[in-house]
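The working numbering numbers the first residue of the sequence shown as 5 and each following residue consecutively. Think of the CB as a built atom: it goes at the ideal place given N, C-alpha and C, for glycine as much as any other residue. Reviewing the structure listed below.
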Amino acid sequence: MSEPSAKSAHVSEHEARAVAEASRETVWTAPSFVRELFLGRLELDLIHPHPEPDAEEQRRAADFMAKLERFLRQVDGEQIEHDARIPPEVIQGLRELGAFGIKIPREYGGLGLSQYTYGHAMSLCGSVSSALVTLLSAHQSIGVPQPLKLFGTEEQKKKYLPRLARGAISAFALTESDAGSDPARMSTTATPTADGSAYILDGEKLWCTNGTIAELMVVMARTPGRDGKPGPISAFIVESSWPGVEVVHRLEFMGLRGIENAELRFRGVRVPKENLLGGEGRGLKLALVTLNTGRLTVPAGCAAAGKWCLQVSRSFAGRRVQWGKPVGHHEAVAQMLAEIAAKTYAMEAVSDLASLLADRGRSDIRLEAALGKLWNTEVAWELCDLAVQVCGGRGYETARSLAMRGEAPVPLERLLRDLRINRIFEGTSEIMRLFIAREALDVHLRAAGDVVMPGVPMGRRLSGALRAAGFYAAWYPGRWLGWGRWPQYGAFGPLADHLRYLERASRRLARRQFHLMVRYGPALERRQAQLFRCVDIGAELFAMAAVCVRAARDRRRDPADGTPRELADLFCRHSRRKVEALFRAISSNDDEPTYRLARGVLEKRYEWLEEGILHVGAGREPSERPAGSPIEPPRVGAAAGG
Numbered sequence: 005m006s007e008p009s010a011k012s013a014h015v016s017e018h019e020a021r022a023v024a025e026a027s028r029e030t031v032w033t034a035p036s037f038v039r040e041l042f043l044g045r046l047e048l049d050l051i052h053p054h055p056e057p058d059a060e061e062q063r064r065a066a067d068f069m070a071k072l073e074r075f076l077r078q079v080d081g082e083q084i085e086h087d088a089r090i091p092p093e094v095i096q097g098l099r100e101l102g103a104f105g106i107k108i109p110r111e112y113g114g115l116g117l118s119q120y121t122y123g124h125a126m127s128l129c130g131s132v133s134s135a136l137v138t139l140l141s142a143h144q145s146i147g148v149p150q151p152l153k154l155f156g157t158e159e160q161k162k163k164y165l166p167r168l169a170r171g172a173i174s175a176f177a178l179t180e181s182d183a184g185s186d187p188a189r190m191s192t193t194a195t196p197t198a199d200g201s202a203y204i205l206d207g208e209k210l211w212c213t214n215g216t217i218a219e220l221m222v223v224m225a226r227t228p229g230r231d232g233k234p235g236p237i238s239a240f241i242v243e244s245s246w247p248g249v250e251v252v253h254r255l256e257f258m259g260l261r262g263i264e265n266a267e268l269r270f271r272g273v274r275v276p277k278e279n280l281l282g283g284e285g286r287g288l289k290l291a292l293v294t295l296n297t298g299r300l301t302v303p304a305g306c307a308a309a310g311k312w313c314l315q316v317s318r319s320f321a322g323r324r325v326q327w328g329k330p331v332g333h334h335e336a337v338a339q340m341l342a343e344i345a346a347k348t349y350a351m352e353a354v355s356d357l358a359s360l361l362a363d364r365g366r367s368d369i370r371l372e373a374a375l376g377k378l379w380n381t382e383v384a385w386e387l388c389d390l391a392v393q394v395c396g397g398r399g400y401e402t403a404r405s406l407a408m409r410g411e412a413p414v415p416l417e418r419l420l421r422d423l424r425i426n427r428i429f430e431g432t433s434e435i436m437r438l439f440i441a442r443e444a445l446d447v448h449l450r451a452a453g454d455v456v457m458p459g460v461p462m463g464r465r466l467s468g469a470l471r472a473a474g475f476y477a478a479w480y481p482g483r484w485l486g487w488g489r490w491p492q493y494g495a496f497g498p499l500a501d502h503l504r505y506l507e508r509a510s511r512r513l514a515r516r517q518f519h520l521m522v523r524y525g526p527a528l529e530r531r532q533a534q535l536f537r538c539v540d541i542g543a544e545l546f547a548m549a550a551v552c553v554r555a556a557r558d559r560r561r562d563p564a565d566g567t568p569r570e571l572a573d574l575f576c577r578h579s580r581r582k583v584e585a586l587f588r589a590i591s592s593n594d595d596e597p598t599y600r601l602a603r604g605v606l607e608k609r610y611e612w613l614e615e616g617i618l619h620v621g622a623g624r625e626p627s628e629r630p631a632g633s634p635i636e637p638p639r640v641g642a643a644a645g646g
């Protein structure tokens, strides 16, 4: 792996912030339920009655989904795990089904199905192998089809979309060894040729899913800037068959062992100017807009994982007898089963609501998608961990080993490993919280940005304070005035009290955010622990709203079935306790001593605590180790086994 360029290694905090801000969608042209929630307004009519999928589209989708299910029953997920490859015949079968063109419009050869259907298709695939979801999602959620649909010219669409719909696999190349969540450090360049007919692409990309097998990819690179400074980031459609495109390594991971993920190198790759996507300098904006809907695949897969964990846990806890009765009848296990069931219902409610809002096209879903990704990935990990605990040793044992002993080969440990990546890729949980906090505070930053942002001259800061005073004189009293008590939301029956709480909590959240801005001023952007608590409160409130609206829809469909209300009620009870704990932590926490101790760790004040082990890389940083010399962890298993 090459060393980061000097240009990418020295980017100031101000420059990094400027790049991130320039790539934001700055205009809200459509309403957002979550945005209003963070502002202290429960605009329930934006999501209630619950959106419904298009009936005609669902009729078309039914045939595809039935074929997909029949096909997947013949796919061996354990074989994919064992071989760390998806068999070519499986990929070809998916091509023949049209699975690589689920969301590509029919006029370009695709199936033209909805985000809602696509999410449920990925859920089916995930119940066999997470690698299948990664293959298809990297291709059409963030790969070439989605940005091409959103930003491509008609000529580009006609050239590439039919090919992609037939199964030409695509990828998305953004991350570099020194540029992940901070794109200002990107070093890959695209230099125009002298005659202006093409760009010459040079650089390396890391963790490019589908990169080893992709025919086409979207590659992010810097076009020239002014005065020798790094230029804007642009997006290009690149064909892997072109001279200079090289797969350096096929990468391996803790989970997703069938994933085709690559380190890529581009050396003098000639990219025709016609393959510039969305215009020069619009690459990061393209990436963010693409991810608004691209992220929705992840919460759908997490909801499916919750269903799978529920099925496995229920089955095991019902048949495994200890101390004279099934373990599920013991309260400790029963508590876990109830949590898995209630939160699985909530994950599906969050995922389906966000997807249907995207399909309806009347809402700005950037916050809904981000919260769905953040919340569902965190919860799915918790539920899978609970499922492993319910199943005990059988949850930790591999499916292959279970089968060797004649037991049901349930790959629960594989799911745990596969789920872990969801909190990292397409935006880590921490980056998601920063993104959500920035968007949730957008109204405040417009009103008082000159007061709270660092680096603003004193004169502008004073005039900004006057403008902010005028805004908050009207806005702040409204965060206290409101009615979140009986008989509000009476149509929701037993769930009405949860919605009343939600209305009060949203106004309380808006006030707390304002108080934090007043207290910390320009330093607020560094108070990430406080901002994250606000985001987590908003996530819980969004999940509660989605659950209540979903339960109301389920009740309309079958008034005699009370189980959705029971699931929703228990989830909201648990969620309210979490929200209250987060509110208390805003006022009373240990953030400052915790941060001081962390700085001490970085300054090696506690290095003595690391004594008694073999040091990582024998005193060298991991990047300095010779190729092929893995780091060996302490042999805990050997010691425990005696």
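Item                                                                                                                           : Value
Exposed unless 16 or more other CB atoms sit within 10 angstroms - verdict on threonine 197                                    : exposed
Buried or exposed by the 16-neighbour rule on C-beta atoms within 10 Å, applied to serine 591                                  : exposed
Beta-carbon proximity check, arginine 489 vs arginine 504, cutoff 9 Å                                                          : yes
Helix, strand or coil at tyrosine 122 according to DSSP, with G and I counted as helix                                         : helix
Segments of 3+ residues assigned as beta strand (DSSP E) that fall wholly inside the stretch 56 to 116                         : none
Assigned exposure category for glutamate 73 - 16 Cβ within 10 Å defines buried                                                 : exposed
Whole runs of the beta strand (DSSP E) within the stretch 202 to 287, excluding any shorter than 3 residues                    : 202 to 213, 220 to 226, 237 to 243, 249 to 254 and 265 to 276
Three-way DSSP call (helix, strand, coil) for glutamine 393 in this model                                                      : helix
Reduced DSSP secondary structure (H/G/I, E/B, other) of proline 53                                                             : coil
Neighbour flag for lysine 311 against chain D, beta carbons, 9 Å                                                               : The displayed structure is made up of one protein chain only, and chain D is not part of it.
Inside the stretch 450 to 483 only - alpha helix (DSSP H) runs reaching at least 4 residues                                    : 462 to 482
Backbone CA spacing between tyrosine 524 and glutamate 40 [nearest angstrom]                                                   : 23 Å
Residue from Arg398, Ser317, Glu93 and Leu586 whose Cα sits closest to the Cα of glycine 410                                   : Arg398
Bounding residues of the alpha helix (DSSP H) (the contiguous stretch that carries threonine 301)                              : 301 to 323
Spatial distance of proline 57 from alanine 65 (CA atoms)                                                                      : 11 Å
Cβ contact check for the stretch 68 to 84 and the stretch 542 to 551: 3 or more pairs under 8 Å                                : no
Every unbroken beta strand (DSSP E) inside the stretch 175 to 206 [3 residues or more]                                         : 193 to 196
Coarse secondary structure for lysine 608, derived from DSSP in three states                                                   : coil
Extent of the continuous alpha helix (DSSP H) run through serine 355                                                           : 335 to 364
The stretch 362 to 370 contacting the stretch 334 to 342, beta-carbon criterion three pairs below 8 Å                          : no
Proximity below 9 Å, CB of leucine 499 to CB of alanine 564                                                                    : no
Whole-angstrom distance between alanine 266 and asparagine 214, CA atom to CA atom                                             : 7 Å
Cβ distance (whole Å) where proline 149 is taken to contact isoleucine 95 below 8 Å                                            : So it is not a contact: roughly 16 Å between Cβ atoms.
CB-CB length for glycine 207 against alanine 225, believed under 8 Å                                                           : 6 Å
Entirely enclosed beta strand (DSSP E) segments - the stretch 486 to 573, minimum 3 residues                                   : none
Nearest-angstrom Cβ-Cβ length linking alanine 202 and valine 316, presumed shorter than 8 Å                                    : So it is not a contact: roughly 54 Å between Cβ atoms.
Distance between beta carbons of proline 413 and glutamate 82, contact taken as under 8 Å                                      : 7 Å
Proximity below 9 Å, CB of valine 354 to CB of alanine 307                                                                     : yes
Cutoff 8 Å; reference arginine 364; Cβ partners in own chain excluding five residues on either side                            : Pro55
C-alpha distance - glycine 332 paired with glutamate 417, whole-angstrom precision                                             : 20 Å
Which listed residue (Thr192, Ile217 and Leu154) has its alpha carbon closest to that of glycine 171                           : Ile217
Nearest-angstrom Cα separation, counted from leucine 178 out to valine 293                                                     : 14 Å
Rounded C-alpha distance that separates leucine 669 from tyrosine 610                                                          : What is shown of the chain runs 5 to 646, which leaves residue 669 out entirely.
Residues of its chain near threonine 192, where Cβ-Cβ distance is below 8 Å and the 5 sequence neighbours each way are ignored : Glu180, Leu205, Asp206, Gly207, Glu208, Lys209, Val223, Met224, Ala225, Arg226 and Phe270
Residues of its chain near leucine 136, where Cβ-Cβ distance is below 6 Å and the 5 sequence neighbours each way are ignored   : Cys129
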